[in-house]
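Presented below is the structure to which this report refers.
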Amino acid sequence: MSFTEEIKIELCRSPMTKSCCLSAEVLGLLLFCNRFGPDRIRLISSVSDVRRRVQALFTSLFGFAPEERENDNALVLEDIDSIRAVYDWFGFQLKTGAPSLNRAFVEEECCRASFLRGCFLMGGTVIAGKKGYHLELVTPHYSIAGQMGSFLYEMQMEPRQVMRRSNYVLYYKNSESIEAFLTTIGASGGAMELMLKKVEKSLVNRVNRSVNCETANLSRAADAAAKQTNAIERIHAAGQLDQLSRDLQETARLRLEHREDSLTELAARFEPPLSKPGLSARLRKLIRIAEEIDHD
Numbered sequence: 397m398s399f400t401e402e403i404k405i406e407l408c409r410s411p412m413t414k415s416c417c418l419s420a421e422v423l424g425l426l427l428f429c430n431r432f433g434p435d436r437i438r439l440i441s442s443v444s445d446v447r448r449r450v451q452a453l454f455t456s457l458f459g460f461a462p463e464e465r466e467n468d469n470a471l472v473l474e475d476i477d478s479i480r481a482v483y484d485w486f487g488f489q490l491k492t493g494a495p496s497l498n499r500a501f502v503e504e505e506c507c508r509a510s511f512l513r514g515c516f517l518m519g520g521t522v523i524a525g526k527k528g529y530h531l532e533l534v535t536p537h538y539s540i541a542g543q544m545g546s547f548l549y550e551m552q553m554e555p556r557q558v559m560r561r562s563n564y565v566l567y568y569k570n571s572e573s574i575e576a577f578l579t580t581i582g583a584s585g586g587a588m589e590l591m592l593k594k595v596e597k598s599l600v601n602r603v604n605r606s607v608n609c610e611t612a613n614l615s616r617a618a619d620a621a622a623k624q625t626n627a628i629e630r631i632h633a634a635g636q637l638d639q640l641s642r643d644l645q646e647t648a649r650l651r652l653e654h655r656e657d658s659l660t661e662l663a664a665r666f667e668p669p670l671s672k673p674g675l676s677a678r679l680r681k682l683i684r685i686a687e688e689i690d691h692d
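Per the numbering used here, the sequence shown starts with residue 397, numbered consecutively.
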């Protein structure tokens with residue numbers, strides 16, 4: 397089950413009590429449905445809970461409900477008298493067939509939340525994964541997209557907008573904005589899951605950064621040890637190892653005997669233990685001696 401389906405199922409458990417909120421939710425459904433015209437109203441959802449809620453909402457408001465069509469997840473209303481009743485309820489003109497966001501139905505805070513819930517149930521998608529976060533509302537109506545943008549801006553939830561395949565998309569990519577939207581429409585469980593996903597992602601990223609940093613450090617240490625060992629071997633091949641000071645001879649011997657040691661580990665093998673800066677200085681000197689031999 398996708399994250400979108402989980403949230404829509406959660407939303408379908410929202411109580412249907414106040415008639416003003418039922419009207420607002422149905423308005424949201426209609427403005428983001430597949431077709432809302434004077435000859436047909438067609439609402440599509442692959443989530444059975446959503447289809448059942450749509451029918452329950454229509455029945456509560458109008459005394460009738462769109463019929464479910466088999467095999468295409470569609471609810472269709474084609475009876476002209478029923479369509480006229482819907483248009484009249486929301487103050488739309490049947491002849492023009494132009495729906496709009498009738499602000500009279502979203503004046504109260506509870507109605508705004510119900511309206512947005514209807515919009516999301518019919519036209520919404522949300523993704524929270526490794527590649528990021530994305531919530532969008534898709535409508536085929538240019539005017540609705542503009543009105544919705546203004547409406548959400550007034551609610552301090554301004555979305556971005558884009559056109560995609562003749563549809564108009566309002567979307568959010570910021571996780572905080574998505575959490576606020578989900579909380580507003582009544583999907584507090586979905587908002588909490590999104591926050592948990594964000595925490596999990598942050599933790600995974602932190603662990604990965606730590607592992608990558610440690611891996612890089614180990615790689616640099618291994619490269620440095622190989623360079624040091626190679627320098628000592630060149631000095632030995634030139635027959636000059638025995639000519640070095642006792643400190644450098646001891647350093648060379650321990651490095652050759654413990655090629656995979658880190659500087660800290662190698663410094664601890666001296667008697668008495670050597671400081672890490674002191675060991676680094678000795679090893680740099682061995683490398684310079686090897687380079688001088690190569691230049692001779």
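The C-beta atom is built at its ideal place from N, Cα and C for all residues, glycine as well.
Source: prediction; values computed, not measured.
Sub-8 Å separation of residue i and residue j beta-carbons
{"i": "Phe432", "j": "Pro495", "result": "yes"}
{"i": "Gly585", "j": "Ala509", "result": "no"}
{"i": "Phe516", "j": "Ala420", "result": "no"}
{"i": "Gly519", "j": "Phe454", "result": "no"}
{"i": "Cys506", "j": "Val446", "result": "no"}
{"i": "Leu566", "j": "Leu533", "result": "yes"}
{"i": "Glu474", "j": "Arg436", "result": "yes"}
{"i": "Tyr564", "j": "Thr535", "result": "yes"}
Inter-residue Cα distance where the pair is residue i and residue j
{"i": "Lys623", "j": "Lys526", "result": "39 Å"}
{"i": "Thr580", "j": "Val607", "result": "39 Å"}
{"i": "Gly514", "j": "Asn604", "result": "40 Å"}
{"i": "Gly635", "j": "Glu687", "result": "14 Å"}
{"i": "Ser415", "j": "Phe511", "result": "12 Å"}
{"i": "Cys417", "j": "Asn469", "result": "25 Å"}
{"i": "Glu401", "j": "Val443", "result": "7 Å"}
{"i": "Tyr568", "j": "Arg655", "result": "54 Å"}
{"i": "Val558", "j": "Gln451", "result": "31 Å"}
{"i": "Pro359", "j": "Gly674", "result": "There is no way to answer for residue 359, as the model of the chain reaches only from 397 to 692."}
{"i": "Gln552", "j": "Ile574", "result": "12 Å"}
{"i": "Phe562", "j": "Cys609", "result": "The residue asked about is misnamed: residue 562 is Ser in this sequence, not Phe. Rounded to the nearest angstrom, the two C-alpha atoms are 47 Å apart."}
{"i": "Ile523", "j": "Lys594", "result": "12 Å"}
{"i": "Arg651", "j": "Ala663", "result": "10 Å"}
{"i": "Ala481", "j": "Ser456", "result": "13 Å"}
{"i": "Met588", "j": "Glu572", "result": "11 Å"}
{"i": "Ile440", "j": "Pro434", "result": "17 Å"}
{"i": "Leu425", "j": "Arg602", "result": "41 Å"}
{"i": "Ile479", "j": "Phe460", "result": "10 Å"}
{"i": "Thr413", "j": "Glu503", "result": "17 Å"}
{"i": "Lys672", "j": "Met397", "result": "56 Å"}
Among the options, the one whose alpha carbon lies nearest that of residue i
{"i": "Met537", "options": "Ala617, Ser444, Arg560, Ile479", "result": "Per the sequence presented here, residue 537 reads as His, with Met not at that position. Cα-wise, what sits closest to His537 is Arg560."}
{"i": "Thr492", "options": "Tyr483, Ala500, Arg499, Asn498", "result": "Tyr483"}
{"i": "Asp477", "options": "Ala470, Leu471, Phe458", "result": "Phe458"}
{"i": "Arg438", "options": "Val472, Cys417, Val422, Leu418", "result": "Val472"}
{"i": "Ile689", "options": "Ser671, Leu637, Phe666", "result": "Leu637"}
{"i": "Asn498", "options": "Ser641, Glu504, Phe486", "result": "Phe486"}
{"i": "Ser410", "options": "Ala618, Asp435, Arg449, Leu423", "result": "Arg449"}
{"i": "Glu653", "options": "Glu554, Arg665, Thr660", "result": "Arg665"}
{"i": "Leu423", "options": "Gln552, Tyr529, Ile540", "result": "Ile540"}
{"i": "Gly542", "options": "His530, Arg556, Tyr529", "result": "Arg556"}
{"i": "Ala621", "options": "Glu661, Asp643, Ser641", "result": "Glu661"}
{"i": "Ala618", "options": "Ser573, Leu592, Ser658, Lys594", "result": "Ser658"}
{"i": "Asp643", "options": "Ala633, Gly528, Leu670", "result": "Leu670"}
{"i": "Gly528", "options": "Asn430, Asn570, Glu554, Met544", "result": "Asn570"}
{"i": "Lys404", "options": "Glu554, Ala461, Leu531", "result": "Leu531"}
{"i": "Gln399", "options": "Leu592, Ala461, Phe460", "result": "The question names Gln, but residue 399 is Phe in the sequence shown. When each option's Cα is compared against that of Phe399, the closest is Leu592."}
Near the ligand GTP: residue i beta-carbon under 7 Å from a heavy atom
{"i": "Asn604", "result": "For the ligand GTP, the structure offers nothing, since it holds no ligand at all."}
contact_flag[the segment 548 to 557, the segment 606 to 621] where n(CB pairs < 8 Å) is 3 or more: no
Continuous alpha helix (DSSP H) assignments of at least 4 residues falling wholly in the segment 578 to 648: 584 to 633
Three or more C-beta pairs below 8 Å linking the segment 674 to 688 and the segment 634 to 654: yes
Those runs of the alpha helix (DSSP H) which lie wholly inside the segment 516 to 542 and span at least 4 residues: none
Touching by the beta-carbon criterion (3+ pairs, under 8 Å), the segment 464 to 475 and the segment 575 to 592: no
Completely contained alpha helix (DSSP H) runs for the segment 445 to 492, where each covers 4 or more residues: 476 to 486
Inter-stretch contact at 8 Å, needing at least 3 Cβ pairs: the segment 626 to 645 / the segment 681 to 689: yes
Complete alpha helix (DSSP H) runs within the segment 658 to 691 (minimum length 4 residues, chain order): 659 to 663, 672 to 691
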